[in-house]
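Chemist: First the structure, then my questions, so here it is.
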Amino acid sequence: MDRPGSSKGRSEEAHRDLRWQHNHQEARPYRRTLLVSRRRSHGERSSLSVLYGHTTLALAQRSAVVRATLHPGYDDRTLMNDIAVLELSHELQFSNRVQPVCLPTEDFPPLPGTIGIVAGWGYTSESGKQHRNPYLLFVTQAIKPQEYCVAKMQGYFYSPMTSFCAYRYGYDACQGDSGGGLMVLHEDRWYTVGIISYGVGCATPNVPGIYTDVTRYVGWLRHELRDEL
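This note's numbering applies: residue 618 is where the sequence shown begins, and numbers increase by one.
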């Protein structure tokens, strides 16, 4: 079941329109704090770093992570509350290659039928010879109704209270993409409404990807980011 996120069938190469994309498991920036899934923030804090500033990993800048704040309700068995905030060692300097993405409000739910973008440097196949993609790629995904998500994820620990699902035949996130955002465009602004959490394989037919619903955590995020707001 574990599909720490790349996109099988992913062929669209990203460019600087995705200037908020980072690779510590594709985090969301303020200037010094980033939003990721809790599962992608494991390990010793000193061993974590964030790459940013370029769609080619080899050309990206690096910042160390000095603190990872995990959601207190995270459950490693069910993946409930799969969200964390990373604090970087220094502020990011915004430029034409580094820009923030907006956080939604509580009344900005991911509506069924909305088309979002998922981006990452993960694998493009779940089997065979795998290599981390050196270039940032993206796919579009359609957010599905909760009834669809619950029906498709029977037998798994899917919770409509904290998650939503999205699907597009033949395209998906895969290993190496988890923690990245699902972004939607609203009134000329991009919002991170979801975080890649888990799935069943990569681009498995008729099986959606599962995303942490960021709108459910706005209060917690405001508290954790109070020094940034």
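For glycine and all other residues, C-beta sits at the position ideal for the given N, C-alpha and C. Since the structure is predicted, the reported quantities are computational estimates derived from the model, not experimental observations.
Would the region 821-834 count as touching the region 770-784 if we require 3 or more Cβ pairs under 8 angstroms?
Modeler: The region 821-834 is in contact with the region 770-784.
Chemist: With burial defined as no fewer than 16 other Cβ atoms inside 10 Å of the residue's Cβ, what is the status of H803: buried or exposed?
Modeler: That one is exposed.
Chemist: Can you give the Cα-Cα distance for S666 and R679, rounded to whole angstroms?
Modeler: Each residue's Cα considered, the two are about 7 angstroms apart.
Chemist: Under a three-way DSSP split, which group does M618 fall into?
Modeler: At M618 the pLDDT is 35, less than 50, meaning the model places this residue with poor confidence; the figure from the coordinates comes in the next sentence. Coil, per DSSP.
Chemist: Less than 8 angstroms between C-beta atoms, sequence neighbours within five positions excluded: which residues of the same chain meet that for I812?
Modeler: Closer than 8 angstroms at the Cβ level, and outside the excluded window around I812, lie L652, V653, S654, D699, I700, G796, G797, G798, L799, Y828, T829 and V831.
Chemist: Would you kindly work out how many angstroms separate the C-alpha atoms of P721 and H840, rounded to a whole number?
Modeler: In a straight line, the C-alpha of P721 is about 15 angstroms away from that of H840.
Chemist: For L687, which option in Y775, L838 and V702 has the closest C-alpha, if you only look at C-alpha atoms?
Modeler: Out of Y775, L838 and V702, V702 has the C-alpha closest to the C-alpha of L687.
Chemist: State the beta-bridge partners of C719 as determined by DSSP.
Modeler: Paired residue(s): Y808.
Chemist: Please report how far the alpha carbon of T695 lies from the alpha carbon of G816, in whole angstroms.
Modeler: Roughly 12 angstroms between the two C-alpha positions.
Chemist: Output the boundary residues of the beta strand (DSSP E) element that contains R839.
Modeler: From DSSP, R839 is part of no beta strand (DSSP E) but of the alpha helix (DSSP H) over V835 to E841.
Chemist: So what's V831 in DSSP terms, helix, strand or just coil?
Modeler: V831: helix per DSSP, three-state reduction.
Chemist: If you draw a straight line from the alpha carbon of T757 to that of D789, how long is it in whole angstroms?
Modeler: The straight-line gap from Cα to Cα measures roughly 8 angstroms.
Chemist: Should E723 and V801 be called a contact, given that it needs their Cβ atoms to be closer than 8 angstroms?
Modeler: Contact flag unset, no.
Chemist: Can you check DSSP and say which residues form a bridge with C791?
Modeler: Beta-bridge pairing links C791 to no other residue.
Chemist: Sorted by chain position, which residues of the same chain lie with C-beta nearer than 7 angstroms to S706's C-beta, five sequence neighbours on each side aside?
Modeler: Contacts found: S680, A681 and V683.
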